[in-house]
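Below is one structure, written out as structure tokens; comments come after it.
Numbering (our numbering), first residue to last: 2 to 137.
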């Protein structure tokens, strides 16, 4: 007889409990970022293909990976991103390398004296080309 409040029979000593592994993360070819120009107060959204670099002001943003979860699971959008600052001498200086989380933009966003950059999404399609790609 099952215990009080139980909906099924009590497990036997020889029963095996099957635990579902977490679903695989979905790799996406495009990362979507938002950038804030603190001088103008304007926020710009831009898409970047994996391994490509887009310049936002004095910053160069390069995503190396962008992952989402299946729609049946809790949302978790992450991107491994590298950000370089172009100095007045024209040299690239690495100011950020690491994971960004769309659900917590303040946790691992890029904070710069003039520009902020954070991850907003990953897309399963290639980014738009030309001026609409967010290149500045």
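A virtual CB, placed ideally from N, CA and C, is assigned to each residue, including glycine.
One Cα belongs to residue 95, the other to residue 25, and the distance between them is close to 31 Å. Taking residue 92 as reference, the option from 120, 52 and 59 with the minimal CA-CA separation is 59. Under the three-state reduction of DSSP output, residue 44 falls in the strand class. Counting along the chain, no beta strand (DSSP E) covers residue 52, and no H or E run does either. Per the coordinates, the alpha-carbon of residue 76 lies some 31 Å from the alpha-carbon of residue 114. In the structure shown, residue 85 adopts extended strand secondary structure according to DSSP, grouped into three states. Per DSSP, reduced to three states, the secondary structure at residue 39 is coil, with no helix or strand assignment.
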